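Residue numbers (this note's numbering): 405 to 591. For every residue, glycine included, the Cβ atom is placed at its ideal position computed from N, Cα and C. No experiment lies behind these values; they were computed from the predicted model shown.
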């Protein structure tokens, strides 16, 4: 087909790239036998050779007697979403590579102050496993006398939408607490 009008009424299978054809059939055909249906992402090569990623969802279409009389299928182009997801993965990999390469403690937190990332220097310095640092577990390495002040600073930062800065001792893996300056920016 050279035009969309020529493609109307044609079988879609030839447009689906080889690795996805069987999966496409496997998701659609069981629906006609009462199967539950499902979702599949697949790549097609369009009329002019352009490749696009599509997502199709198919479910059985039943009559009043609960007999399958057809299939209801929706398909949408997710090419742009897939491109953005790939760019995000690459950006995250660059960020993690950078934060692992620097000789300082690096972490990120959500707006409520709960930790969602720590670099290896954090683990080496504090002896606190990354998993133990998630959420507010990172507060365990802050000197006990400073924890409440930091919680208040975090709450103020969240409610005001501004960052905060504090100095407090962190417990080192093999040593007592040592002073650290911490700054957090919103956004």
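The way I'd put it, the stretch 447-461 does touch the stretch 472-492; three or more beta-carbon pairs between them come closer than 8 Å. Residue 438 and residue 513 have their C-alpha atoms spaced approximately 47 Å apart.
For the pair residue 525 and residue 507, the CB atoms are nearer than the 8 Å cut-off. If you look at residue 573, you'll find it isn't in any alpha helix (DSSP H); it sits in the beta strand (DSSP E) that goes 568-575. DSSP, reduced to helix, strand and coil, places residue 512 within a strand of the structure shown. For residue 470, the secondary structure class from DSSP, reduced to helix, strand or coil, is coil. For residue 529, same chain residues with a beta-carbon under 8 Å away, outside a window of 5 residues either side, are 509, 574, 576, 577 in chain order.
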